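Just so you know, the sequence shown maps onto residues 2 to 143 in this note's numbering. Heads up, the beta-carbon is just placed ideally off N, CA and C, and yes, glycines get one too. These numbers come from a predicted model, not from an experiment. Before any comments, here is the structure.
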Amino acid sequence: MKELEDDFGAEMAAELLELFLFDTGRRISSLSHLIERHDVKALCAETHSMKGSCGNIGAERMANLCRQLEQCLTLKTEPKLLIDRLRSLTLGLEREFLMIKSALNAETDTTVKSCATEISSGGSGTCGVTESSAPTGAARVG
2 MKELEDDFGA EMAAELLELF LFDTGRRISS LSHLIERHDV KALCAETHSM
52 KGSCGNIGAE RMANLCRQLE QCLTLKTEPK LLIDRLRSLT LGLEREFLMI
102 KSALNAETDT TVKSCATEIS SGGSGTCGVT ESSAPTGAAR VG
């Protein structure tokens, strides 16, 4: 998240991560249904889009799993083996996604706790927010 904040600012990074979490959660759910329906074309599209999203936010292990999914979809192999491999990779994506989501939630919790500590100890109450970093139209704190 720090790299995203450095590149885009805290507000935009938070929005990008929120969009990533929503969109990727939906896409992973979709993969299982597409595997069951043997919809290779839609699987390719979902996997490719997810690979790009993962790469954009730095979720390299997820992007790598997506690459493996894409490669599986191009193999000429027995359908049962292919489906088993696709399911396995999808489960890997789900696990990795949950780890990322958990890490982001923990980071958010830490930031909130840090801010609460600052306020309760008589700090400035800005929690690291300055006029220049506050969202447009936000009330000035402090």
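Worksheet entry | Nonlocal neighbours in the same chain, by C-beta distance under 7 angstroms from Ser54, ignoring five residues either side | So the list reads Phe21, Asp24, Thr25, once near-sequence residues are dropped.
Discussion item. So Cys45 and Glu71 are supposed to be a Cβ contact under 8 angstroms. How far apart are they, rounded?
Written reply: 7 angstroms
Discussion item. Spatial neighbours of Arg68 within its chain, please: C-beta separation below 7 angstroms, excluding the five flanking residues on both sides.
Written reply: Lys52, listed in sequence order.
Worksheet entry | The alpha helix (DSSP H) enclosing Leu18, as first and last residue numbers | 11-38
Worksheet item: For the 8 angstroms Cβ check, are there 3 or more pairs between the region 31-51 and the region 2-10?
Response: no
Discussion item. Which same chain residues end up closer than 7 angstroms to Leu87 when comparing Cβ atoms and leaving out the 5 residues on each side of it in sequence?
Written reply: Ile36, Leu70, Cys73
Worksheet item: What is the residue span of the alpha helix (DSSP H) that Ala46 lies within?
Response: 41-58
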